[in-house]
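In what follows, a structure is listed as structure tokens, so that the remarks can point back to it.
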Amino acid sequence: MEEHVFSMPRIGEKAPEFKATTTQGEINFPSDYKDGWVILFSHPADFTPVCTSEFMTFATLESKFNDANCKLVGLSVDGLYSHIAWLRTIKEKIEYKGMKNVEVNFPLIEDITMEVAKKYGMMMPGESSTKAVRAVFFVDPKGIIRAIIYYPLSLGRNFDELYRALIAMQTADAFSIATPADWRPGDDVIISPAGSCGTAKERMTDTELDCKDWFFCTKKLDKDLVMKKIQKK
5 MEEHVFSMPR
15 IGEKAPEFKA
25 TTTQGEINFP
35 SDYKDGWVIL
45 FSHPADFTPV
55 CTSEFMTFAT
65 LESKFNDANC
75 KLVGLSVDGL
85 YSHIAWLRTI
95 KEKIEYKGMK
105 NVEVNFPLIE
115 DITMEVAKKY
125 GMMMPGESST
135 KAVRAVFFVD
145 PKGIIRAIIY
155 YPLSLGRNFD
165 ELYRALIAMQ
175 TADAFSIATP
185 ADWRPGDDVI
195 ISPAGSCGTA
205 KERMTDTELD
215 CKDWFFCTKK
225 LDKDLVMKKI
235 QKK
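Residue numbering for the sequence shown follows our numbering, starting at 5 and increasing by one per position.
Take a look at the structure:
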């Protein structure tokens, strides 16, 4: 029997809209989050160990993401009562890496019909027909998908990288620059390649830039300036 492959939205497209019931009430996505960034992430199922470690980590880091003007929204294809029971179990019984009594306050979407999971291409061939993979969608204040990261069912996410990616994209928007490999706030940033011979020549003599060649120029960008610029007022 041929396996059905669900399409997924692409970077630069509008995030597919949906209305959903969550552990924090009904939401309209992404319109409810138009004042900032939002990370929509899926997990395979409630009461699974990898997902439990991820939700505890995300919940512990929620205030850090909020300070960067970013809200969190989770999703699985389980029902609302299963979600509530699982989150209660996490708070009352689970301890992991020094985290305990962890309360998950961000919304967890009920998606029994898999409507949202299918809209976002979260059902991967070869993984499961009834479980959403570990997908992460970064959506900006205009409702545009800016980055997508997918993980297989067996692989827990790196939350330092999710935060780093968020800050890097916000920094690129705020300062019209690009960020190099492994960039973190305080590191040098990259200036877009020159579009003309004249600009290229000028850049090679610009004392504010460190140009290794006409196409590879970096400049310093203060960490405090970056964090002040991207944090919500």
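Every residue, glycine too, gets a C-beta built ideally from N, C-alpha and C. Keep in mind the model is a prediction, meaning the values are calculated, not measured.
Alpha carbon to alpha carbon, what distance is there between A72 and K227?
When rounded, the distance between both Cα atoms is 14 Å.
Could you tell me which residues DSSP pairs with A63 in its beta bridges?
Answer is none; A63 lacks a bridge partner.
Top-ranked residue by Cα proximity to W218, from K224, D210 and L225
Of the candidates K224, D210 and L225, the one whose C-alpha sits nearest the C-alpha of W218 is D210.
Between the alpha carbons of I43 and E206, how many angstroms are there, rounded?
For I43 and E206, the distance between alpha carbons rounds to 40 Å.
What do you get for D214, buried or exposed, if any count of 16 or more other CB atoms within 10 angstroms of its CB means buried?
Its Cβ having fewer than 16 others within 10 Å, D214 is exposed.
Counting along the chain, where does the beta strand (DSSP E) carrying W90 start and finish?
Not the beta strand (DSSP E): W90 falls in the alpha helix (DSSP H), residues L84 to K97.
Proximal residues to Y238 (C-beta, below 7 Å), its chain only, five neighbours per side dropped:
Nothing about residue 238 can be read from this structure; the chain reaches only from 5 to 237.
Going by the CB atoms, is the gap between A169 and A151 shorter than 8 Å?
Yes, they are a contact pair.
Among N109, T117, E58 and A176, nearest to R161 - alpha-carbon criterion
Among N109, T117, E58 and A176, the Cα nearest to that of R161 is on E58.
Please look up how many angstroms separate the CB atoms of T64 and V106, rounded, as I've assumed it's under 8 Å.
Yes, T64 and V106 are in contact; Cβ-Cβ is about 6 Å, under 8 Å.
Enumerate in chain order the residues of its own chain whose CB-to-CB distance from Y37 is below 6 Å, with the five nearest sequence positions on each side excluded.
Contacts found: K75.
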